[in-house]
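So the structure is just underneath, and the comments pick up after that.
There are 2 protein chains.
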Amino acid sequence: MLRIPYDELQSALVRACEHLGLRGERARLCARLVAETTRDGVYTHGLNRFPRFAVTVANGCTSVTALPTVLGGGAGTSNSPAIERWNGNLGVGNLNAYAAMERAIELARGFGLGAVAVANTNHWMRGGSYGWQAAEAGCFAMCWTNTLANLPPWGASTPALGNNPLVIAAPRSNGAHVVLDMAMSQFSYGTLTSYARRGAQLPVPGGFDQAGELTRDPAAIEASKRALPVGYWKGSGLSMLLDLFAAMLSGGRAVNEIPADSLRESGLSQFFLAINPADLAARADMERIADGAIAAVRDAAPIVPGQPARYPGERTLYLREENLRLGVPVDPDVWQGLMALRFEKWT
Amino acid sequence: MLRIPYDELQSALVRACEHLGLRGERARLCARLVAETTRDGVYTHGLNRFPRFAVTVANGCTSVTALPTVLGGGAGTSNSPAIERWNGNLGVGNLNAYAAMERAIELARGFGLGAVAVANTNHWMRGGSYGWQAAEAGCFAMCWTNTLANLPPWGASTPALGNNPLVIAAPRSNGAHVVLDMAMSQFSYGTLTSYARRGAQLPVPGGFDQAGELTRDPAAIEASKRALPVGYWKGSGLSMLLDLFAAMLSGGRAVNEIPADSLRESGLSQFFLAINPADLAARADMERIADGAIAAVRDAAPIVPGQPARYPGERTLYLREENLRLGVPVDPDVWQGLMALRFEKWT
Chain Y
53 MLRIPYDELQ
63 SALVRACEHL
73 GLRGERARLC
83 ARLVAETTRD
93 GVYTHGLNRF
103 PRFAVTVANG
113 CTSVTALPTV
123 LGGGAGTSNS
133 PAIERWNGNL
143 GVGNLNAYAA
153 MERAIELARG
163 FGLGAVAVAN
173 TNHWMRGGSY
183 GWQAAEAGCF
193 AMCWTNTLAN
203 LPPWGASTPA
213 LGNNPLVIAA
223 PRSNGAHVVL
233 DMAMSQFSYG
243 TLTSYARRGA
253 QLPVPGGFDQ
263 AGELTRDPAA
273 IEASKRALPV
283 GYWKGSGLSM
293 LLDLFAAMLS
303 GGRAVNEIPA
313 DSLRESGLSQ
323 FFLAINPADL
333 AARADMERIA
343 DGAIAAVRDA
353 APIVPGQPAR
363 YPGERTLYLR
373 EENLRLGVPV
383 DPDVWQGLMA
393 LRFEKWT
Chain D
53 MLRIPYDELQ
63 SALVRACEHL
73 GLRGERARLC
83 ARLVAETTRD
93 GVYTHGLNRF
103 PRFAVTVANG
113 CTSVTALPTV
123 LGGGAGTSNS
133 PAIERWNGNL
143 GVGNLNAYAA
153 MERAIELARG
163 FGLGAVAVAN
173 TNHWMRGGSY
183 GWQAAEAGCF
193 AMCWTNTLAN
203 LPPWGASTPA
213 LGNNPLVIAA
223 PRSNGAHVVL
233 DMAMSQFSYG
243 TLTSYARRGA
253 QLPVPGGFDQ
263 AGELTRDPAA
273 IEASKRALPV
283 GYWKGSGLSM
293 LLDLFAAMLS
303 GGRAVNEIPA
313 DSLRESGLSQ
323 FFLAINPADL
333 AARADMERIA
343 DGAIAAVRDA
353 APIVPGQPAR
363 YPGERTLYLR
373 EENLRLGVPV
383 DPDVWQGLMA
393 LRFEKWT
């Protein structure tokens, strides 16, 4: 593993984005979102996912020049000024998502809360980015995306649900925001592969084997394609509601209409909500409440002595600081590919 | 088991609410929400939970006369007209929740979306009631409540999180709304007790035994008090974010501040969001999208032949129809207690 200075990583990504046809501020923002993801320790969804983005540009699923357009709601409407419906026009997923959250924040500054439902967009890379974005702006936020069908509904053995990542963020005035970023599958297929390669068992059951028994064996789940929704029937239901909410409100595609090929996964539906608490509660009260809730979790008796339970996002600031100080860890092959602007072989 | 005509159940509950000090329309609405819950087949949270409500009135945790008051946001504010912060004033939980969702719907009719964050309220009985309420009004909705600490965070062995039920609703024009109502624990303690009494194992792991091993043995989990969050670390994080969102935005209590005694659980924080899609997307498009998503889930290969996967809420209309036709099933002892207006011994 190499460690690359953050600025160098970001500059290399800007160059790569420009190579793919992005220009100016758009190339810089797309690159920054990818670089920040790796800097924050979410290695699967940053630099390591960039080649898949490049492939969707090459195969026409992603348009680097398309900008989102407003289809309904928002300014000028008498009954829906605080929510907008967008067509993502198959543009760059992380740029569309960032723009949608920016607009939701802007609406929240005027109305207390605001939302954007986006149809016809692309993979947003790391969902947590948009939670941090809102929290840095002092807002609470929720957002989620649908995906291709990769999860069997509870009671069935073939995929019909997406793992539909859900992000929820609560802002802290000290910058240590609480940000949850969770997919609806207990483990991603990437994680299953990683365990299988090491010959390791999963820490908890992650799916069914081909005989229909719950198993911790990652290879058995890769073979059956029967990954488990979080909480069994509960995550199955939650995944479905997130899909309906995003697709119905945006007028876009539900999971069943999204191409079931990970390199052609396109035309996603997403939902972004921001809440500006400035005029609601006193900031000091909010900080006291959050401090108490976080302390109670930390003070619960730890299973491993000296390792208290953590809040979502707690490790992010630690990894961010370490990676800014020591350099951001990158796979040498992936880094060479980025320097050479060769993306095909990584995917 | 007795079956009681729905109207008779509701009348008996109105009389019981009046006995507890509720008057007029408030007694009728409180009774209706409880009766509808049992009618819809959610037996644990309707009539069978009424005695616990009666006890909280008797012990002073619930005030039958208190009405919620607006503390911030809403009409007259320049920057937060679409969201309000309420003090529930320790009033009746289901009446406060119903009023909050009504207000969120009203705000959504003016702004496209609207929200109410409620501090200092009480147990809302069945959360799904407020999802159905919004869906009947043609709105999408999300709402959740915090609870007393009844769930260890991931990595700890003592409770510091609530099971914080989350409700998400998507309206259908045919009335077959899709409504999810899920707590953050894999099984409630009530369910564990029910399995233990029958000497049955849980269908999936539901917690840890006292040796710290995952188990399907309900008695072992009752002994350890280590119930499992849905999705292990994921539900642990989701529970915490729901708590922070509701408590920080309402300025109310987080889980750690709620009395850890189920008969004195009081001063809860809740959040209600409604979205009125009328001006966003064409209703016909929304129906087509939902039909497709539901059909895809139903068409996934069932594990038990002839038993397709269901969508959240699908069974509700079936049970509602059956219970209206045959009478609502009630426990004879509970029914006798209701007729005699004696609640103490049920709890």
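As they're listed, the protein sequences go chains Y and D.
53 is the number of the first residue of the first sequence in the numbering used here; add one for each residue after it.
53 is the number of the first residue of the second sequence in the numbering used here; add one for each residue after it.
All residues carry an ideal CB built from backbone N, CA and C; glycine is no exception.
Handout entry: Terminal residues of the beta strand (DSSP E) in which Y:ARG104 lies
Key = Looking at the DSSP string, Y:ARG104 is not in any beta strand (DSSP E); the run it does join, the alpha helix (DSSP H), is 102-110.
Exercise for the section: Within the segment 152-229 of chain D, note down every full alpha helix (DSSP H) run reaching 4 residues or more, in order along the chain. Expected result: Taken in chain order, the complete alpha helix (DSSP H) segments of 4 residues or longer contained in the segment 152-229 of chain D are 180-188.
Practice task
May I ask which residues mark the beginning and end of the beta strand (DSSP E) holding Y:PRO384?
Solution key: Y:PRO384 -> not in any beta strand (DSSP E); alpha helix (DSSP H) instead, spanning 384-392.
Practice task
Determine, using beta carbons only, whether Y:ASN215 and Y:ASP295 come nearer to each other than 7 Å.
Solution key: Not closer than 7 Å, so no.
Practice task
Return no unless some Cβ of chain Y is closer than 7 Å to the Cβ of D:GLN238.
Solution key: yes
Exercise for the section: Flag Y:GLY98 as yes if its beta-carbon sits less than 7 Å from any beta-carbon of chain D, otherwise no. Expected result: no
Practice task
Below 8 Å on the Cβ atoms is my guess for Y:TRP184 versus Y:ALA149; work out the distance and round it to an integer in Å.
Solution key: Contact doesn't hold; Cβ gap of about 12 Å is too wide.
Practice task
Note down, in chain order, each residue of its chain lying with its Cβ closer than 6 Å to the Cβ of D:TRP387, except the 5 sequence neighbours on either side.
Solution key: LEU54
Problem - Amino acids of chain D, ordered along the chain, whose beta-carbon sits closer than 7 Å to that of Y:GLU309 - result: GLY344
Handout entry: Nearest-angstrom beta carbon gap, D:THR89 and D:GLY98 [assumed within contact, 8 Å]
Key = 3 Å
Practice task
With DSSP collapsed to three states, give me the class of Y:ASP233.
Solution key: strand
Practice task
Can you give me the start and stop residues for the alpha helix (DSSP H) that Y:ILE310 sits inside?
Solution key: Premise fails: Y:ILE310 is in no alpha helix (DSSP H) and is neither H nor E.
Problem - Stretch-stretch touch, CB-based, cutoff 8 Å, three pairs: the segment 76-85 of chain D with the segment 363-372 of chain D - result: no
Handout entry: Which of helix, strand or coil DSSP assigns to Y:GLU136
Key = For Y:GLU136, the three-state secondary structure derived from DSSP is strand.
Problem - Any C-beta of chain Y under 7 Å from that of D:SER132 - result: yes
Practice task
Spell out a yes or no on whether the segment 284-293 of chain D and the segment 202-215 of chain D are touching, meaning 3 or more CB-CB pairs, one atom from each, closer than 8 Å.
Solution key: yes
Problem - Where D:LEU332 falls: helix, strand or coil (DSSP) - result: Coil at D:LEU332, not helix or strand.
Handout entry: Residues of its chain near Y:TYR363, where Cβ-Cβ distance is below 7 Å and the 5 sequence neighbours each way are ignored
Key = VAL230, ILE346 and VAL349
Problem - Reference Y:ALA339; option with closest CA among D:LEU320, D:THR245 and D:ARG305 - result: For the record, residue 339 of chain Y in the displayed sequence is Glu; it is not Ala. Looking at the Cα atoms, D:ARG305 is the closest of the given residues.
Practice task
Could you tell me the boundaries of the alpha helix (DSSP H) in which D:GLN62 lies?
Solution key: 58-71
Practice task
Taking only beta-carbon positions, decide if Y:LEU320 is within less than 7 Å of chain D.
Solution key: no
Practice task
Tell me whether D:ILE327 sits in a helix, a strand or coil according to DSSP, three-state version.
Solution key: strand
Practice task
Output, in sequence order along the chain, the residues in the segment 353-373 of chain D whose CB is closer than 8 Å to any CB in chain Y.
Solution key: ALA353, PRO354, ILE355, VAL356, GLN359, PRO360, ALA361, ARG362, TYR363 and PRO364
Exercise for the section: Answer with yes or no whether the minimum CB distance from Y:ASP295 to chain D is below 7 Å. Expected result: Closer than 7 Å to some Cβ of chain D, the Cβ of Y:ASP295 qualifies, so yes.
Exercise for the section: Mind checking the segment 321-332 of chain Y against chain D and listing, in chain order, the residues whose C-beta falls within less than 8 Å of any C-beta there? Expected result: Of all residues in the segment 321-332 of chain Y, only LEU325, ILE327, ASN328, PRO329, ALA330, ASP331 and LEU332 come within less than 8 Å of chain D when Cβ atoms are compared, listed by chain position.
Exercise for the section: Return helix, strand or coil for Y:SER276, following the three-state DSSP convention. Expected result: helix
Exercise for the section: Please confirm whether D:GLY124 and D:ASN172 have their CB atoms less than 7 Å apart. Expected result: no
Practice task
Compute the minimum distance between the beta carbon of Y:LEU301 and the heavy atoms of the ligand COA, and state whether it is under 6 Å.
Solution key: Among the components modelled here there is no ligand, and therefore nothing to report on the ligand COA.
Exercise for the section: Spatial neighbours of D:LEU393 within its chain, please: CB distance less than 7 Å, with the 5 preceding and 5 following residues excluded, ordered by chain position. Expected result: ALA68 and HIS71
Problem - Reference D:GLY259, options D:PHE239, D:PHE324 and D:HIS175, closest by Cα - result: D:PHE239
Handout entry: Delimiting residues of the beta strand (DSSP E) encompassing D:VAL122
Key = Start and end: 121-125.
Problem - Within chain Y, the residues that D:ILE135 reaches when beta carbons sit closer than 8 Å - result: PHE163, GLY164, LEU165, ILE327 and LEU332
Problem - Straight-line Cα distance separating Y:ASP59 from Y:GLU373 - result: 14 Å
Exercise for the section: Would you be able to state if there are at least three C-beta pairs under 8 Å between the segment 189-207 of chain D and the segment 247-259 of chain Y? Expected result: Look at the beta carbons and you see the segment 247-259 of chain Y not touching the segment 189-207 of chain D: under three pairs across the two are nearer than 8 Å.
Handout entry: Coil, strand or helix - D:ARG75 by DSSP
Key = coil
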